[in-house]
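Take the sequence shown: its position 38, counted from the start at 1, is 50 in the numbering used here, and no numbers get skipped. Here a beta-carbon is modelled for each residue, glycine too, at the ideal position from N, C-alpha and C.
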Amino acid sequence: MKKFLLLLGFLMSFNCNAEQKIVLIADPAVLAIPIHENNESLIDLANQKEIAYGPAPLVPDNKDYTKMRKTVYEKLLKAQSTLPDGLKFCLYEGARSLELQQNIFQERYDILRKADPKKTHEEIFTESTKFVSPVINIDGSKNVPPHSTGAAIDVYLIDKTGKMVDMGIHLDDTYKDITGEYCQTNSTVISEQAKNYRKMMGKALQDVGFVNYPTEYWHWSYGDRYWAYQTKQKFAVYGAALK
Ligand SMILES: [Zn+2]
13 MKKFLLLLGF LMSFNCNAEQ KIVLIADPAV LAIPIHENNE SLIDLANQKE
63 IAYGPAPLVP DNKDYTKMRK TVYEKLLKAQ STLPDGLKFC LYEGARSLEL
113 QQNIFQERYD ILRKADPKKT HEEIFTESTK FVSPVINIDG SKNVPPHSTG
163 AAIDVYLIDK TGKMVDMGIH LDDTYKDITG EYCQTNSTVI SEQAKNYRKM
213 MGKALQDVGF VNYPTEYWHW SYGDRYWAYQ TKQKFAVYGA ALK
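Set out below in structure tokens:
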């Protein structure tokens, strides 16, 4: 097991290369963090008007993407009130079922395998975790994907008319970004305007306690393992809220 973790650690640092050391969501150090579930309820954005949401991502007729934990919702509201005039958040996706999570992971895995069939299963699996958290870890153990907890939200900014501002890449197009260089929060290949919007969004969310996943400018969380790891908490407060 120890040998395996060392190998996984090596592959991760290898894939992330030296310029920006990113701790992946499936990193053993993140997965080792205990969860003390606080049983907080989920808020459904469909029952409120402050935070915009939609259209539904990924699969047609997906109506189950608008929920998040109560504290996460309250923090998002607070963050929105600090955004420059005319800008608002739009939720792309909140809590996600494990079944949908597994499908999305498999989809990403298949795309990466097609792009480079010579890579090993381990390499493709690790690469996939840069974008999607697995339901089952590579060693066969169960994972708690951040989007199953109601702690993670995928958001972007919209203007007064409800249109998405230039964030560099639309969330619907991320499958085209095989190298991940457009999705990366600190992307150097997007326009100056997009860099600015990402900074504005990041500041508002960070100031209320959210943590970003650096490979995805849109992914923020509060209370899950990744948040606990990045903020040096002893435990996460949200486990799987959706089965
Ligand atoms: Zn996400």
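Under the three-state reduction of DSSP, residue 65 is assigned to strand. Distances between the C-beta of residue 164 and the heavy atoms of ligand 1 include at least one below 6 Å. Partner residues in the beta bridge of residue 224, as assigned by DSSP, are 232. Taking residue 170 as the centre and dropping the five residues before and after it, the same chain places the C-beta of 64, 100, 102, 176, 177 closer than 7 Å to its C-beta, in chain order.
In this structure the segment 147-156 does not lie against the segment 67-86, because fewer than three pairs of beta carbons, one per stretch, are closer than 8 Å. Beta-bridge partners assigned by DSSP to residue 56: 79. Exclusion of residue 182 from the 6 Å shell around ligand 1 follows from its C-beta lying no nearer than that to any non-hydrogen atom of the ligand.
When C-beta atoms of the segment 208-226 are compared with those of the segment 46-59, fewer than three pairs fall below 8 Å, so the two segments do not count as touching. Rounded to whole angstroms, the gap between the alpha carbons of residue 180 and residue 144 is 20 Å. One Cα belongs to residue 80, the other to residue 231, and the distance between them is close to 13 Å. Residue 37 and residue 156 do not touch by the CB rule: their CB atoms are close to 10 Å apart, not below 8 Å. Within the segment 75-132, the complete alpha helix (DSSP H) runs of at least 4 residues fall at 82-93, 110-127. Here the alpha carbon of residue 165 sits roughly 11 Å from the alpha carbon of residue 236. Taking non-hydrogen atoms of ligand 1 into account, the C-beta of residue 48 is found less than 6 Å away from none of them. Under the three-state reduction of DSSP, residue 166 is assigned to strand. Annotated three-state conformation of residue 47 is strand, per DSSP.
Annotation for residue 133 indicates a beta carbon at 6 Å or more from all heavy atoms of ligand 1.
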